[in-house]
Amino acid sequence: MDNSQDESENDEQELDESMENSQDESESDEQEEFLEKKPLRPCTSPEQSPASFGQPLPKSPIPLKATPISAAFPMPQHKGGSSHDPLKETPMSAAFPMPGPKDEPSDDPLKATPISAAFPTRRHKDDPLKATPMSRSFPITRHEDESSDEDYKPFSGQKKSTPLKTAKRTQQAECSNAGNTKRRSIQRSLNRELAFSSSLSSNPNESVEEVMIMFDSLRRRILQLDENEDAGKRADLKAGSLMMQNGLRINNSKIIGPVPGVEIGDIFFFRIEMCIVGLHAPAMAGIDHTSAKHAGKDEILAVSIISSGGYENDDNDTDILVYTGQGGNSRHKDKHDQKLEGGNLALMNSMKKKNLIRVVRSAQDPFCNSSKVYIYDGLYRVEESWTEKAKNGFSVFKYKMRREPGQRDGISVWKMTEKWKANPATRNNVIRADISSKAEKLPVCLVNDVDDQKGPSYFNYVTGVEHSGPLRKTKPLQSCKCPSVCLPSDTNCSCAQLNSGYLPYSANGVLVKHIPMLYECSSTCQCCQNCRNRVTQKGVNLNFEVFWTGDSGWGVRSWDPIRAGTFICEYAGQIIDETNMNMGDEEDEYTFCTSWHSDKVSRWNLGAELLEEKSDNATTENLKKLPVVISAKRSGNVARFLNHSCSPNVLWQPVQYDHGDDSYPHIMFFAMKHIPPMTELTYDYGTRGAPPGIKGKFPNACKLKKCLCGKRGLMH
1 MDNSQDESEN DEQELDESME NSQDESESDE QEEFLEKKPL RPCTSPEQSP ASFGQPLPKS
61 PIPLKATPIS AAFPMPQHKG GSSHDPLKET PMSAAFPMPG PKDEPSDDPL KATPISAAFP
121 TRRHKDDPLK ATPMSRSFPI TRHEDESSDE DYKPFSGQKK STPLKTAKRT QQAECSNAGN
181 TKRRSIQRSL NRELAFSSSL SSNPNESVEE VMIMFDSLRR RILQLDENED AGKRADLKAG
241 SLMMQNGLRI NNSKIIGPVP GVEIGDIFFF RIEMCIVGLH APAMAGIDHT SAKHAGKDEI
301 LAVSIISSGG YENDDNDTDI LVYTGQGGNS RHKDKHDQKL EGGNLALMNS MKKKNLIRVV
361 RSAQDPFCNS SKVYIYDGLY RVEESWTEKA KNGFSVFKYK MRREPGQRDG ISVWKMTEKW
421 KANPATRNNV IRADISSKAE KLPVCLVNDV DDQKGPSYFN YVTGVEHSGP LRKTKPLQSC
481 KCPSVCLPSD TNCSCAQLNS GYLPYSANGV LVKHIPMLYE CSSTCQCCQN CRNRVTQKGV
541 NLNFEVFWTG DSGWGVRSWD PIRAGTFICE YAGQIIDETN MNMGDEEDEY TFCTSWHSDK
601 VSRWNLGAEL LEEKSDNATT ENLKKLPVVI SAKRSGNVAR FLNHSCSPNV LWQPVQYDHG
661 DDSYPHIMFF AMKHIPPMTE LTYDYGTRGA PPGIKGKFPN ACKLKKCLCG KRGLMH
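Laid out in structure tokens, this is it:
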């Protein structure tokens, strides 16, 4: 995996530092700079600052952290609107206007056909997950002549005076933009058919998963479009703003205690992800709080905090966190003593009330030096508070927080796996230190924490596939002429042209979309081995362990956090000619057959497809062209131990790079979602028999083992 971020590393680091240092409230320069710039839209210059999106919030004595997201990111409202429902406060028809029907009697097309009337949805009382179905949350189709997002304004309000540093940056960007006026803008209109066919699950965990997968799919696609146009960075902010504008978020109301659907140990690579699932509402501030009535008066109580390293926190203990208050540490204002207001006051009140507070800790992303990973560590209470002098000489508030007992492991799992990676000998219950015998770049250990099972039956560890006969080379290998590496904006790259005009991976090797066939650069391409379009050829970059599950035999998990779209491994083994297979006999347990993807896998592209004219889902015709069957019984790799799940976190993607027969591609596995360390890796083995609409016996209908999803649980 490349050690580069999806976005520009320098830009990412600059804004991340701003975020980390802004546990301050709305008086912080970092927040003002983030919110006071232009409306959120694609930059037309790579030099444009990533912090130049958005417009200011009105000055208020109430801290930003006490402000709901619906107020912090305002949208235009109907006249007279007074509902407390965010969806009612800002009708889609007002945020994204379209012409009314010709026979509409009203002079105001926005009021004549409100979205709630055109697409009525039954409301569920007191259920925030059911109260905001996706089918109601998307905007209606835009005007036919709206082909760009120049009018796309996710923030409202009057623009504040621009600081000198920002003004210079903006002037530079505008000068650069002058030469890019002919560049095509990224399409922001949404596919109406897909949008209105979407709906959130009634299961909170599934709803959180769907929203997270949609966000990252949208983010990856926006980044891909931006790169092709050499446009702006920070696709995460663009995707997050677009989702919030369309109501694609859950757990909107601030609550004390656990958030439905968010589990302890869940990981996030962007702060905006925590906003859209309701774990931590502020996009930047480190303390989130809400108002509560006590003895007839309003008090503010803390509901969540993020310990991201911007202040001098003591977070070495997995059960105790000494958290530094907010304020006085701005990079753009004079430093000063912290004040007992805003988040500091909320934490002090929470200490007196002893209410539960959600705590998110952070750690260094092992694959990107400029990035952090955020880990939800569960519920804490504030035990005591005091003031002390910080290193800068000014007084700060300190809060000693203790983790509630009896919760599942959170940051402790992370610290444990970091210890193992530094010294694998510290891992207990190891049967064999490396079952790959150094065939992989990193050792693959075999462990059993359950019973006395000694290990799987013998097999030859290989990292690729072996063909039993000659291949039918129906076309020559792809061969690009890129001098060094393939660039996303190079329209002459033949490999990009094979992939519908786009490089299929982001700069850090993350798969953008699941497609019928992915073409990587071949041995005849002129680009070097470090080209981003050679991700799977570079091999495995994760620390795997094969472990004994009990009911499901041996399984696979990683010591590393895995970002959605990350390459996992190839299904290695021997290619079998499926025409010579007797499908009536029971298949051995180590056989892979191309099968029909589950609904979860087919919806992995949904966020990206909402920006498209049509769906790129793999069709029945596409899958009919893949007769490949791979047996890993006698030879294989870690993929032979991947178990089935009806809620998988891994998907398979056909990849071609070393021959011209598309009937027998490499089967590569990628992460469907963010996967915390020590979580079992699973994929959906597919449907039995033929897919819907196919009569008779389907040739690739492998006999699948009985599903044991309901009988076992993952470590995480």
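Each step along the sequence shown adds one to the number in full-length UniProt numbering, with nothing skipped, and position 481 is 481. Ideal Cβ placement from N, Cα and C applies to all residues, glycine included. Note that the coordinates shown come from a computational prediction; the quantities given were computed from them, not determined experimentally.
Asked: Those residues which DSSP pairs with Pro654 across a bridge; Found: Ile667
Asked: Own chain partners of Cys445 with C-beta closer than 6 Å, once the 5 adjacent residues on each side are dropped; Found: Val430, Ala433, Glu545
Asked: Backbone secondary structure at Asn533 - three-state DSSP; Found: helix
Asked: Helix, strand or coil at Phe215 [DSSP, three-state]; Found: helix
Asked: Assigned secondary structure, Phe269 (DSSP; H/G/I helix, E/B strand, else coil); Found: coil
Asked: Selected residue, minimal CA-CA separation from Gly343, among Ala235, Glu299, Pro456, Leu518; Found: Glu299
Asked: Buried or exposed (CB count within 10 angstroms, at least 16 for buried), Thr491; Found: exposed
Asked: Residues bridged to Gln364 [DSSP beta-bridge criterion]; Found: Lys372
Asked: Rounded straight-line distance, which links the Cα of Ser522 to that of His467; Found: 18 Å
Asked: Residue burial classification, Gln245 (beta-carbon count within 10 angstroms, cutoff 16); Found: buried
Asked: Same chain only: Cβ atoms within 7 Å of Asn543, ignoring 5 sequence neighbours per side; Found: Lys421, Leu442, Ser558, Trp559, Asp560
Asked: Boundaries of the beta strand (DSSP E) in which Trp548 is found, first to last residue; Found: 544 to 550
Asked: Buried versus exposed call for His289 [16 or more other C-beta atoms within 10 Å across all chains shown]; Found: buried
Asked: Alpha helix (DSSP H) segments (min. 4 residues) lying fully within the UniProt domain "YDG" (257 to 403); Found: 271 to 276, 342 to 353
Asked: For Ser207, the three-state DSSP class (helix, strand or coil); Found: helix
Asked: Euclidean distance between Cα positions of Pro516 and Pro654; Found: 7 Å
Asked: Cβ contact check for the stretch 563 to 577 and the stretch 530 to 542: 3 or more pairs under 8 Å; Found: yes
Asked: Residues sharing a beta bridge with Ser558, DSSP; Found: Phe544
Asked: Cβ pair Cys486, Arg532 closer than 8 Å; Found: yes
Asked: Inter-residue spacing [alpha-carbon to alpha-carbon] between Gln338 and Gly328; Found: 5 Å
Asked: Interface flag, Thr417 vs chain C, CB-CB below 8 Å; Found: No chain C appears in this structure, which consists of one protein chain only.
Asked: Validate contact between the stretch 452 to 471 and the stretch 501 to 516 using beta carbons, cut 8 Å, 3 pairs; Found: no
Asked: For Asn349 and Ile562, the rounded distance between their alpha carbons; Found: 38 Å
Asked: C-beta contact flag for Arg249 and Val512 at 8 Å; Found: no
Asked: Classification of Arg234 by the beta-carbon crowding that lies within 10 angstroms, buried from 16 upward; Found: buried
Asked: From Val628, Val322, Phe547, residue whose alpha carbon lies closest to that of Leu471; Found: Val628
Asked: Helix, strand or coil at Ser635 [DSSP, three-state]; Found: strand
Asked: Per-residue DSSP class, three states only, for Ile411; Found: helix
Asked: Neighbourhood of Ser197 by C-beta, 6 Å cutoff - its chain only, sequence neighbours within 5 removed; Found: Confidence is the limiting factor: at Ser197 the pLDDT is only 47, short of 50, which leaves the residue's position unreliable and the question unanswerable from this model.
Asked: For Val601, three-class secondary structure by DSSP; Found: helix
Asked: Cα-Cα separation, Val465 to His659; Found: 13 Å
Asked: Neighbourhood of Gln407 by C-beta distance below 7 Å, restricted to the same chain and skipping five residues each side; Found: Ile264, Gly378, Leu379
Asked: Ser207 and Gly261 closer than 8 Å at C-beta; Found: yes
Asked: 8 Å Cβ cutoff met for Val277 and Met678; Found: no
Asked: Under 8 Å between C-beta atoms of Tyr590 and Gly550; Found: no
Asked: Ala639 versus Gly607 - alpha carbon distance; Found: 28 Å
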